[in-house]
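Novice: Have a look at this one before I ask anything.
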Amino acid sequence: DGASTLAKKVVNTNKYEAKVATTLKFGNIDNVLTSSNLEKLATEVKKTNSKNFITKISVIGTLTTHYGDDVLAKALVTAENNADTRAVQDQIKKLREDQMMGWLNARNTADDVFKLLKIHDDGFSMVISRKLQVLEDYINFVKTKEPRLAASLLTTSLLTTLTKGFGGEEKMWALLQTARLNGPTKHQADVMETSLLKKWADEGQLPENVFQWLRLPNKVDDAFKSNNLNKFATYVDDFNSLDKEPNSKKSVIEIYTNSFGDARVAGRLMSAMDSERTRKVAKKLQAEQVEHWAKSTKSAEDVVKILKIPSDEAAAITRRKLAALQEFSKLKGEEQNLVKILTESLGSKGTLAMTLESATVPSHTTTLQKKQFASLIEDSVTPANFMTSVFNTGVESATVVQKRIADKFTSFFKIQEGVIKPGGLSP
1 DGASTLAKKV VNTNKYEAKV ATTLKFGNID NVLTSSNLEK LATEVKKTNS
51 KNFITKISVI GTLTTHYGDD VLAKALVTAE NNADTRAVQD QIKKLREDQM
101 MGWLNARNTA DDVFKLLKIH DDGFSMVISR KLQVLEDYIN FVKTKEPRLA
151 ASLLTTSLLT TLTKGFGGEE KMWALLQTAR LNGPTKHQAD VMETSLLKKW
201 ADEGQLPENV FQWLRLPNKV DDAFKSNNLN KFATYVDDFN SLDKEPNSKK
251 SVIEIYTNSF GDARVAGRLM SAMDSERTRK VAKKLQAEQV EHWAKSTKSA
301 EDVVKILKIP SDEAAAITRR KLAALQEFSK LKGEEQNLVK ILTESLGSKG
351 TLAMTLESAT VPSHTTTLQK KQFASLIEDS VTPANFMTSV FNTGVESATV
401 VQKRIADKFT SFFKIQEGVI KPGGLSP
């Protein structure tokens, strides 16, 4: 039948092509792709065809049979780029077109060519492989030569073909992350990573899906790495900018919180502000987190627990936590009760005083410290009884930090004494 006849013809063609390769003693492909050797090959092909009226062979077919699609395709790209004369360049260019025409005549899809070129075998190094140029050239070749077939033979882009070939969005992203860790492939991996994010944005892919593809859920360390945090935040901003209805806009902080919880996200954002690479996005997200809390049923006591105040972390971290708590209290309208809430949450006036002092420099008195001092004065605390009232200790046994807090309170007390006159009237 027709199928067996075609198969027999293919076998015969391959047999004749292999015979020509043996006759010419093909060696290294780079040596074969010289002008003189290609002329010898063309002559031998012509000679073989003159003896066979049914089975015809070609130069490109002979090279493909001997070396394979992938090896030949890479070598042709190199030969074209390195050609020292226009004539040689045109000769190689013609062979490349013949190769692509062969694929097109066989109705090979872009996915088929991905497999023919064995791109998957290259792993992350494919980002700098000459095979990508071959695949992209084939996609453009089909669009130019047979535009009516483009819809059936091609996916939307080179990147879409690669993503499918490597097993999907998540695996493609993981491969690019590996490529980013390797010096020779880092730059091109960054370029392709940006293109992949743009592709997802153009397709309107939900940020929740992208979060999964980036392999960030349940991996808090990875989620807060500068590259991942910045790029995901940018993706969400781009997604939200595409004429979305207010109710359909997505929130980075909600996605992160759903995966890691309020406390872990809050703590990581505080730490992320230490790095110049993540400071801007961390501040923005922290503000969103506080606003989100304020709109919920959370109380100031809840936020104190979430932020883990007090803590033995660096002064800068404690300072940021207190600032976040103050902003929350402001949005909730609980500023007047903040000192009382903190005192009750932390267990004592002394613990609060030590916590506030740990978040500032020795020579400065913060707004929150002043609020506590004012509250202490209302409770009849004076410089004389400060140590016993606040720290339950005497001056002699007080620590250096406790004495420093007492000095700040005394200065504040004296200022208040000078401003507030008996009867509550200011001078």
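When we follow full-length UniProt numbering, the leftmost residue of the sequence shown carries the number 1, and every step to the right adds one.
Glycine residues also receive a C-beta, built at the ideal position from the N, C-alpha and C atoms.
(1) Cα separation between Gln133 and Met101?
(2) Less than 8 Å between the CB atoms is what I'm expecting for Ala179 and Ala189, so what's the real figure, rounded?
(3) Suppose the cutoff is 6 Å on Cβ atoms and the five residues either side in sequence are ignored; what does the same chain contact list for Lys199 look like?
(4) Identify the continuous alpha helix (DSSP H) that holds Gly82 and give its terminal residues.
(5) Looking only at its own chain, which residues have a Cβ that is under 6 Å from the Cβ of Leu356, when we skip the five neighbours before and after it?
(6) Looking only at its own chain, which residues have a Cβ that is under 7 Å from the Cβ of Gly333, when we skip the five neighbours before and after it?
(7) Quick check: the Cα distance between Asp221 and Asn230, rounded to an integer number of angstroms?
(8) Inspect the beta-carbon positions of Ser380 and Thr318 and report whether they are closer than 8 Å.
(9) Whose CA, out of Gln89, Arg320, Val127 and Ala79, lies closest to the CA of Val32?
(10) Which residues bound the alpha helix (DSSP H) around Asn247?
(11) Between the Cα of Ser363 and those of Lys371, Asp407, Gln336 and Ala272, spot the shortest distance and give me the residue it belongs to.
(12) Nearest-angstrom Cα distance between Lys371 and Ala323?
(13) Using alpha carbons as the reference points, say which of Ala150, Ala73, Lys93 and Arg86 lies closest to Phe114.
(14) Could you spell out the range, first to last residue, of the alpha helix (DSSP H) harbouring residue 447?
(15) If we count the other Cβ atoms within 10 Å of its Cβ and call it buried at 16 or more, is Pro207 buried or exposed?
(16) What three-state label does DSSP hand Gly167 in the structure shown?
(17) Could you tell me the alpha carbon to alpha carbon distance between Ser157 and Leu117, rounded to whole angstroms?
(18) Under DSSP, the alpha helix (DSSP H) around Lys340 begins and ends at which residues?
(19) Rounded to whole angstroms, what's the CA-CA distance from Ala18 to Asn52? Just pull it up for me.
(20) Drop a sphere of 10 angstroms on the beta-carbon of Ala300, count the other beta-carbons inside from all chains shown, and report buried for 16 or more, exposed for fewer.
(21) Check whether the Cβ atoms of Val83 and Val59 lie closer than 8 Å to each other.
(22) What does the Cβ neighbour count give for Asp90, buried or exposed, with the cut at 16 atoms within 10 Å?
(23) Once you ignore the five residues that flank Ala75 on each side, which residues in its own chain have a CB closer than 7 Å to its CB?
(24) Nearest CA to the CA of Asp238: which residue from Ala201, Thr163 and Gln212?
(25) If you count every other CB in all the chains shown that lies within 10 Å of the CB of Ala106, and 16 or more means buried, which is it?
(26) Excluding the 5 residues flanking Thr351 on each side, which residues of the same chain have their C-beta closer than 7 Å to its C-beta?
(27) Helix, strand or coil for Ile255, going by three-state DSSP, please let me know.
(28) Would you report the Cα separation of Gly204 and Thr234, rounded to the nearest angstrom?
(29) Taking 8 Å as the cut-off, decide whether the C-beta atoms of Ser129 and Asp121 are in contact.
(30) Just to confirm the assignment, what range does the alpha helix (DSSP H) spanning Asp221 have?
(31) Measuring CB to CB, does Leu104 end up less than 8 Å from Glu146?
(32) What three-state label does DSSP hand Pro217 in the structure shown?
(33) How should Leu242 be labelled, buried or exposed, when 16 other C-beta atoms within 10 angstroms of its C-beta is the threshold for buried?
(34) What does the alpha-carbon distance come out to for the pair Ile377 and Leu338?
(35) State the CB to CB distance for the pair Val304 and Leu331, rounded to an integer number of angstroms; the pair is presumed to be in contact (CB under 8 Å).
(36) Among the residues of its own chain, which have a CB less than 8 Å from the CB of Phe386, if the five just before and after it don't count?
Specialist: According to the data block:
(1) 16 Å
(2) 4 Å
(3) Excluding residues within five positions, the ones whose Cβ falls inside 6 Å are Leu159.
(4) Rather than Gly, the amino acid found at residue 82 in this sequence is Asn. Note, Asn82: alpha helix (DSSP H), Asp69 to Asn82.
(5) Leu368 and Gln369
(6) none
(7) 14 Å
(8) no
(9) Ala79 is the residue among Gln89, Arg320, Val127 and Ala79 whose C-alpha sits nearest the C-alpha of Val32.
(10) Unbroken run through Asn247: none, as it is neither H nor E.
(11) Asp407
(12) Distance from the CA of Lys371 to the CA of Ala323, rounded to the nearest whole angstrom, comes to 14 Å.
(13) Distances from the CA of Phe114 to each of Ala150, Ala73, Lys93 and Arg86 were compared; the closest alpha carbon is that of Ala73.
(14) Absent from the model: residue 447. The displayed extent of the chain is 1 to 427, so no value can be given.
(15) buried
(16) coil
(17) 17 Å
(18) Leu338 to Leu346
(19) 15 Å
(20) buried
(21) Here residue 83 is Ala; the residue named in the question, Val, does not match the sequence. No.
(22) exposed
(23) Ile29, Asp30 and Leu33
(24) Ala201
(25) Looking at its Cβ environment, which holds fewer than 16 other Cβ atoms inside 10 Å, Ala106 is exposed.
(26) Pro310
(27) helix
(28) 14 Å
(29) no
(30) Val220 to Ala223
(31) yes
(32) coil
(33) exposed
(34) 16 Å
(35) Not quite, the Cβ-Cβ distance comes to about 15 Å (not below 8 Å), so this is no contact.
(36) Leu376, Ala406, Phe409 and Thr410
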